[in-house]
Every structure is written in C-alpha cells, then in structure tokens.
Amino acid sequence: MQAAVKNGVPGIDADCGGSCSCATCHVYIKEEWLDKVGQASPTEEAMLSLSSDRKDNSRLSCQIPVTEALDGLVVTTPEFQF
Amino acid sequence: MRDVTSDQESKQSKWSMVGKDPYSMPIEKIDLSHPGIWRANEFLPFMERLRSEEPVHYCPESAVGPYWSVMKYKDIMEVDTSPHIYSSEPTIGIVDSFEEFILPAFISMDPPKHDEQRRVVQGVVAPANLKNLEGLIRQRVCTILDELPIDEEFDWVERVSIELTTQMLATLFDFPFEDRNKLTFWSDAATAIPGGGVVSNQAERWEALQECFAYFIRLWNERVNEKPGNDLISMLAHGEATRNMPQEEYLGNVILLIVGGNDTTRNSISGGVLALNENPTEYDKLRADPGLIRNMVSEIIRWQTPLAHMRRTALVDTELGGKKIKAGEKVVMWYASGNRDDESIERANEFLIDRANARQHLSFGFGLHRCMGNRLAEMQLNIVWEEIMKRFHKVEVVGEPERVYSSFVKGYMSLPVKLQPLDWSGSAR
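Protein sequence lines correspond, in order, to chains U and W. First residue of the first sequence: 3, per my numbering; consecutive thereafter. First residue of the second sequence: 1167, per my numbering; consecutive thereafter.
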C-alpha cells in the first residue's frame, strides 16, 4: 500500500493510512503469488467482506509487508475501492 | 412511550456552556453533549482544551448521564476498530432513551449480525451501481442550479442543499417525485428531538414513521412485480440475497438509508459554501483549478464533519489513553475533534482544498461501521461542485448561518447567500 501511495498508483485510496480499517487499498493477488503472500487475518477478512467486489484472491494491500520474497509480485486493482 | 424531552429541556439551561470561558471552568465540567455550544458555534475551543489537557475525558454529570469523551484521532481510531471492546449495541446515540426505535438496523449491531445484514444491502450503494444513476443525478442538479436567482439573497439550505439531497434520495429510490418532500420529513422525524420543530411529541414521530413504512411496503410490492430496475428498492426486491428479507429488516434498512443519505450530505453541501467564503484564498485556488474538486470534497467532509460523534458502550473493563474505562460505560468518539487533531493531521485547523492525504479524515468513521454511503456522498458533492463552478463566479455568503441544535447532526438550518454570475466583475469579495 505504501509503495502504491508513494508512487501515485491510481486505484489505491488508502483512506485510513494503512491500519486495516477502511478497505480502500483492495487488490487482487495474481494466482501464482497467493501462497507467498499468505492469508488475511480475521480483521482483514471482516473488512474485505464489506466490499461488493470481493473475490477469492482479494487482499488489503496495507496488510502485505513487502519482503525480498515478494520481489516481482503482481497485483491488480478492482474498478472501484469501497 | 415515555416523553423524555420535557425532562431534558428543563435541564438544558443548567447544562449549557454557551458564553463560558473554556479555559477557566473546571475540566470535569466540560460537557460536549449539550447542543447549546454546537448551535452557538462555540465548540472548537472546548475540544481543543480537552485534546491538549485530557484527551480521554470523563464527564461525570450531564443531561444524558455520565460518559467518556475520546478526543484524539488515534484514540478514536482505536475505539472505532475494536468492536469486541467497544460495542455499537444497544445504540450509537448519546441519549439512551431513543431505544423505542426498534427496527433492526446494522448501524447499532455488532459482528457477526452486523456483517451479515450489512452485506445484504451494501451492494445498493456500491460505486458500480452508482454509475447508473450519475446521469440522472447530474441532470437534476443542473435544473436546481439553473432556477436560482442571480444577485438576489436567498437561503442556500432550503433552495439547494435540502432540495438536492431530497431529489437525490428520490432518484436513488425511484420514489414518486411529487411526494419527495415526504422523504425529508420522514428523515427529519426519525432523528428529531420532539419539540424541536419537526414533531411535537413521540406519538407524532411514530405516526410519521408508520406512514413511511406503509409507503415503502407499497413500493416494494409494486417493484417486485416489475422488471428489475436500477433503483435501490427494485434492487432489494429482486436481489438474490435480499428478496426474501423479513419486512422489518427491509424497513430498518430503508430508514437507515434515508437518514444516512439525507442530512449528512445536505450539511456538507452547505458547509462547503461556508468554508470557501471563510477562506477566500481557497476559493481563488478552486476557480484557478476546478480539477481540485475531488480533493476539495474530501476536505469539505473533514471540515464539516456532518456527524459530530458516534457512541459506543464498553463491553469489558479496559484502558484508553491511560484512563480506566469500566464495562457498561458510555464512550463517545468526537469525530469533530479528531478531525482537528494536529498530531495526526497536518495543519488540521486550516481548510486547504489541495491538502495532501485529504481522504484521511474521520468523518466516515473507520472499521466495520465505516459509512456505507461514502462513495455516494462523494459523488453527489463532486457533481454539485462541478456544476456550481460551471455557472457561478461565487456563491457569496451574505449573513450569519443558523446552526442545528444538536451535538450529533452538525449542520445548518439556513445560510443566506447571493450568486455572482461567471462574468461577474465586481470588486468586493
């Protein structure tokens, strides 16, 4: 999320500034990366469930710390943020 | 039903802080729940003192009983995102006595019930659906603005803010246009303090709501037999997840949508005009670059904070900002204060339409109860300002606004203005 906001990536609003409480940094993780990115916490699940664009590969990007292992990660954004 | 109003009214003079010096009174006497300072527009220095001296503040005695006030952005965020500690049940209102309003509405529910019910209706105000309504909303905004008098004083609240939000609600529900003023009345009645001008007692209030319910049940029955449309009622009547919902759930949701979509947006439309008049440099910036409208709309919503607070109730003994809060105690998050907290928002006491991170404000709340209609509100305000800027050099405030007597709904009863046309060449501001 921080990387997206700092680089002005459109479609990431991040209204709460990265504290998993607004669901406006919603992204879809490309399938082959799902394992490496890991699972959403219950809090994140609850926030994601508020979005009508929620899919199986949905995550809130503020809850994905970028590590070496995620170098090359591919995500897409929904048409609308909640 | 018990009429609690007269009781409250009689206490009001005793509790009012209007005209008092916020810094010389004992801090425990500060009571933000009293509507007086909100109508008198004197609340800011009281909030400022609490933020700096006692950001989690206990008011032991007030017309609405004892309660905690949470003043700082970060503490509010913590309360709002901890539903397992701070419950939205039984009510999110600071007054306990409005509980006869028993329709199921997810705003005053905790998970998991909240999540299930909200999921059912949130789709109706999701951006993808709003796109279908944008054209019609814009067309109606244009008609209202085109009919306004130029260079002649009128009340912006009545002619524009109320008319626009009422028409938008009617558009969203595909509500019979000629009856649209009923929506405004029902919305005002649902949150009214009896005796405050809208209804004179609880019985009258209940009568208004019964009329509303009968009307919306009729609309459902009509729409369910028609082809699916883009309006909210049709979507609920035909939607897979909603078409079998119990009637009282449907009505609870209708009321929530009517109230939530009405005076919040109405007061942000008025508040924006006032803020630009009080900050002429910002109005100049806007004229120079109407591309700032989207960012400005977020700033207007922060600046106005159309709902000053939300209330929670502690479920367990807990600690916040070094204070010990006991289970069962009332905890009030003052969004209006958190939005002016300069530890979290840079230059928080300035209205800056081009501010960075303008979207990071508390007006929609955060966490599971975050405003469901936030995108709709932003869309409405964007359209209004785009069309205003195409038509007028300035919407000039020419007198004092009259503010709402409420510590919850932060808004305006009237705002006298004059319009300056685009080719305006006067010299005065």
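Positions of the beta carbon are idealized from the N, C-alpha and C atoms, including for glycine. No experiment lies behind these values; they were computed from the predicted model shown.
- Message: Could you compute how far the alpha carbon of Gly13 of chain U sits from the alpha carbon of Ser63 of chain U?
- Response: Counting from 1 along the first sequence, the entry for residue 13 of chain U is found at position 11. Counting from 1 along the first sequence, the entry for residue 63 of chain U is found at position 61. If you take the alpha carbons of Gly13 of chain U and Ser63 of chain U, they lie about 12 Å apart.
- Query: When burial is assigned at 16 or more other CB atoms within 10 Å of the CB, is Pro1221 of chain W buried or exposed?
  - Reply: By one-based count along the second sequence, residue 1221 of chain W stands at place 55. Buried, by the Cβ-count rule.
- What is the DSSP secondary structure of Met1237 of chain W, counted as helix, strand or coil? Taking the first residue of the second sequence as 1, we reach residue 1237 of chain W at position 71. It is coil, neither helix nor strand.
- Task: Starting from Tyr1381 of chain W, follow the alpha helix (DSSP H) in both directions and report where the run begins and ends.
- Result: One-based indexing of the second sequence puts residue 1381 of chain W at position 215. Its alpha helix (DSSP H) spans residues 1368 to 1390.
- Please list, in chain order, all residues of the same chain as Met1401 of chain W whose beta carbon is under 6 Å from its beta carbon, the five residues on each side excluded. Translated into the one-based positions of the second sequence, residue 1401 of chain W becomes position 235. Val1290, listed in sequence order.
- Thinking Lys1496 of chain W and Tyr1233 of chain W are a contact (beta carbons under 8 Å), I'd like their distance in whole angstroms, please. Translated into positions along the second sequence, residue 1496 of chain W becomes position 330. Translated into positions along the second sequence, residue 1233 of chain W becomes position 67. Sure, about 4 Å apart at Cβ, within 8 Å.
- Item | Per DSSP, the bridge partner or partners of Val1575 of chain W | By one-based count along the second sequence, residue 1575 of chain W stands at place 409. Answer is W:Leu1473, bridged to Val1575 of chain W.
- Does Arg1536 of chain W have its Cβ less than 8 Å from a Cβ in chain U? As a position in the second sequence, residue 1536 of chain W is number 370, starting the count at 1. Closer than 8 Å to some Cβ of chain U, the Cβ of Arg1536 of chain W qualifies, so yes.
- Query: According to DSSP, which residues form a beta bridge with Ser1580 of chain W?
  - Reply: Working through the second sequence from its first residue, we reach residue 1580 of chain W at position 414. Beta-bridge pairing links Ser1580 of chain W to W:Glu1568.
- Item | Within-8 Å CB hit, Leu52 of chain U to chain W | Sequence index remark: in the first sequence, residue 52 of chain U carries index 50 (1-based). Interface residue, yes.
- Message: For Phe1517 of chain W, report the span of its beta strand (DSSP E) as first-last.
- Response: What you label residue 1517 of chain W is simply residue 351 of the second sequence in a count that begins at 1. Note, Phe1517 of chain W: premise wrong, no beta strand (DSSP E); not H, not E.
- Would you say Lys1451 of chain W and Ile1519 of chain W are within 8 Å of each other, going by their C-beta atoms? Within the second sequence, the letter at position 285 stands for residue 1451 of chain W. Within the second sequence, the letter at position 353 stands for residue 1519 of chain W. Cβ atoms of Lys1451 of chain W and Ile1519 of chain W: closer than 8 Å.
- Item | Amino acids of chain W, ordered along the chain, whose beta-carbon sits closer than 9 Å to that of Ser43 of chain U | Position 41 of the first sequence, counted from the first residue, corresponds to residue 43 of chain U. Going along chain W, no residue has its Cβ under 9 Å from Ser43 of chain U, so there is no contact; the nearest lies around 12 Å.
- Task: Indicate whether at least one CB of chain W lies closer than 8 Å to the CB of Gly19 of chain U.
- Result: As a first step, residue 19 of chain U is located in the first sequence; it is residue number 17 there, counting from the start. Yes, contact with chain W.
- Query: Once you ignore the five residues that flank Ser1274 of chain W on each side, which residues in its own chain have a CB closer than 7 Å to its CB?
  - Reply: Taking the first residue of the second sequence as position 1, residue 1274 of chain W is located at position 108. The residues are Ser1254, Glu1255, Pro1256, Thr1257, Ile1258.
- Task: Would you check if the distance between the CB atom of Asn1461 of chain W and the CB atom of Ala1524 of chain W is smaller than 8 Å?
- Result: Locating residue 1461 of chain W in the second sequence gives position 295, counting from the first residue. Locating residue 1524 of chain W in the second sequence gives position 358, counting from the first residue. Against a cut-off of 8 Å, the Cβ pair of Ala1524 of chain W and Asn1461 of chain W comes out as a contact.
- Item | Cβ contact check for the region 1532 to 1550 of chain W and the region 48 to 66 of chain U: 3 or more pairs under 8 Å | yes
- Query: With respect to the beta strand (DSSP E) encompassing Met1499 of chain W, which residues constitute its N-terminal and C-terminal limits?
  - Reply: Walking along the second sequence from the start, residue 1499 of chain W turns up at place 333. From DSSP, the beta strand (DSSP E) with Met1499 of chain W extends over 1496 to 1500.
- Task: Please confirm if Ser23 of chain U has its CB atom under 8 Å from at least one CB of chain W.
- Result: The sequence position of residue 23 of chain U within the first sequence is 21, counting from 1. True, the Cβ-Cβ gap to chain W drops below 8 Å.
- Message: What does DSSP give as the partner residue(s) for His1280 of chain W in the beta ladder?
- Response: Counted from its first residue, the second sequence places residue 1280 of chain W at position 114. Within the DSSP secondary-structure output, His1280 of chain W pairs in no beta bridge.
- Task: Leaving out five residues on either side along the sequence, give the residues of the same chain with a beta carbon under 6 Å from the beta carbon of Ser1353 of chain W.
- Result: If you number the second sequence from 1, residue 1353 of chain W lands on position 187. Closer than 6 Å at the Cβ level, and outside the excluded window around Ser1353 of chain W, lie Ile1424, Val1425, Asn1428.
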